[in-house]
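The structure appears right after this line, and notes come after that.
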Amino acid sequence: MNISGNSILVTGGSSGIGLGLAQALYARGNKVVICGRDRSRLEAAARKTPGLIPLYADISAPAGRDTLREDALAVAPDLNMLVNNAGIQRRVKFRDDVAGWAERTQEIAINFEAPIHLSALFLPQLIGKRAATIVNVSSGLAFLPVTFAPVYAATKAGLHSFTIALRADLRDTSVSVIEIVPPMVDTGLGGTGIHAEGVSVDIFVEAVIERIAAGEVEIGYGMSDTLRTADRQELTMIMAKI
Numbered sequence: 003m004n005i006s007g008n009s010i011l012v013t014g015g016s017s018g019i020g021l022g023l024a025q026a027l028y029a030r031g032n033k034v035v036i037c038g039r040d041r042s043r044l045e046a047a048a049r050k051t052p053g054l055i056p057l058y059a060d061i062s063a064p065a066g067r068d069t070l071r072e073d074a075l076a077v078a079p080d081l082n083m084l085v086n087n088a089g090i091q092r093r094v095k096f097r098d099d100v101a102g103w104a105e106r107t108q109e110i111a112i113n114f115e116a117p118i119h120l121s122a123l124f125l126p127q128l129i130g131k132r133a134a135t136i137v138n139v140s141s142g143l144a145f146l147p148v149t150f151a152p153v154y155a156a157t158k159a160g161l162h163s164f165t166i167a168l169r170a171d172l173r174d175t176s177v178s179v180i181e182i183v184p185p186m187v188d189t190g191l192g193g194t195g196i197h198a199e200g201v202s203v204d205i206f207v208e209a210v211i212e213r214i215a216a217g218e219v220e221i222g223y224g225m226s227d228t229l230r231t232a233d234r235q236e237l238t239m240i241m242a243k244i
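Residue numbers for the sequence shown follow the working numbering, beginning at 3 and rising by one.
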């Protein structure tokens, strides 16, 4: 894949892996639009990397995704790459979760519904390009359904499955479909400091970009590479140790 000269939208691009990807892609000569629902983080990201184009967007609801498509194509009419990165993680065992359904369903809406909906919204734009890409950011937990984040793991497993199906569906088009499978990365996902022992964002992103450039379509790192390539027996053994 050519990783320069593209016009890219990165959801959840104001922090964490999303911001790291946005900065790395911008540094390689791409136009990069980032979106998020925290205005202060968006502004901070744009100040840190002035070339990034920030857009406010709440993709937890269908109307927000419709608006994002309009706004993104207004500032990047040549858009040819969608990075579905936005995600949240609620770290609570299912039997202990007393939150109302409105709060609990946010994880499903942002992690699973939004990438599918945005892929549908942007596909007519992408499929008309000579070369285009959809990138879905899942998780190593797509392959390891942990009890401390069961719904998060389920949403990422669903996104992994959708990505495989979408890649097969679009194999005779100009649209490539890539899945990034992060391991534990040192971001604020799930709460401040929870992933402090994870790989740094910069190291992870550089490894991912290198493998995208090499033409890989399912990209993990460290433990997530182990999980995504493990067979059922190996995964059962890993689960037993948690």
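Don't be surprised by glycine CBs; every beta carbon is placed ideally from N, CA and C.
Under the three-state reduction of DSSP output, Ile36 falls in the strand class. Annotation note: the region 88-162 contains the following uninterrupted alpha helix (DSSP H) runs of length 4 or greater, listed N- to C-terminal: 103-110 and 116-129.
With respect to the C-alpha of Leu57, the residue from Ala159, Ala63 and Ala76 having the closest C-alpha is Ala76. Proximity to Ile5 across Ala122, His162, Gly142 and Thr135 peaks at Thr135, based on C-alpha coordinates. Leu54 places its beta carbon 7 Å or farther from that of Val85. When DSSP states are grouped into helix, strand and coil, Ile205 belongs to the helix group. By the criterion of a C-beta distance shorter than 7 Å, Gly66 is surrounded in its chain by Ala59 and Asp60, once the five residues flanking it on both sides are discounted. Relative to Leu143, the option among Lys131, Arg132, Gly160 and Gly130 whose CA is nearest is Gly160.
For Ile90, the closest alpha carbon among the candidates Ile211, Ser9, Gly18 and Asn8 is that of Gly18. Ile110 places its beta carbon less than 7 Å from that of Thr157. If you look at Pro64, you'll find it isn't in any beta strand (DSSP E); it sits in the alpha helix (DSSP H) that goes Pro64 to Val77.
Assigned with DSSP and collapsed to three states, Val183 falls in coil, not helix or strand.
Assignment of Leu27 by DSSP, reduced to helix, strand and coil, places it in the helix class. In this structure, the alpha-carbon of Val148 lies about 27 Å from that of Gly38. With respect to Leu172, Val183 sits apart: the two C-beta atoms are not nearer than 7 Å. Closest by C-alpha distance to Val139, out of Phe164, Arg71 and Gln127, is Phe164.
Here the alpha carbon of Gln25 sits roughly 13 Å from the alpha carbon of Leu44. Excluding five sequence positions before and after Val210, the CB atoms of its chain that fall closer than 8 Å to its own CB belong to Leu23, Ile182, Ile221 and Tyr223, given in chain order. For Leu128, the CB contacts under 6 Å within the same chain, skipping 5 residues up- and downstream, are Ala134 and Val177 in chain order. For Tyr58, the pairing in a beta bridge is given by DSSP as Gly38. Between Leu123 and Arg71, the C-beta gap is smaller than 7 Å, which places the two residues in contact. Leu125 sits away from Ala74, with the two beta carbons spaced by 7 Å or more.
Residue environment: Ser202 is assigned as exposed (fewer than 16 neighbouring CB atoms within 10 Å of its CB, all protein chains considered).
The distance from the Cβ of Ile112 to that of Ala151 is about 14 Å, inconsistent with a contact at the 8 Å cut-off. Arg93 and Asp68 have their alpha carbons spaced roughly 29 Å apart.
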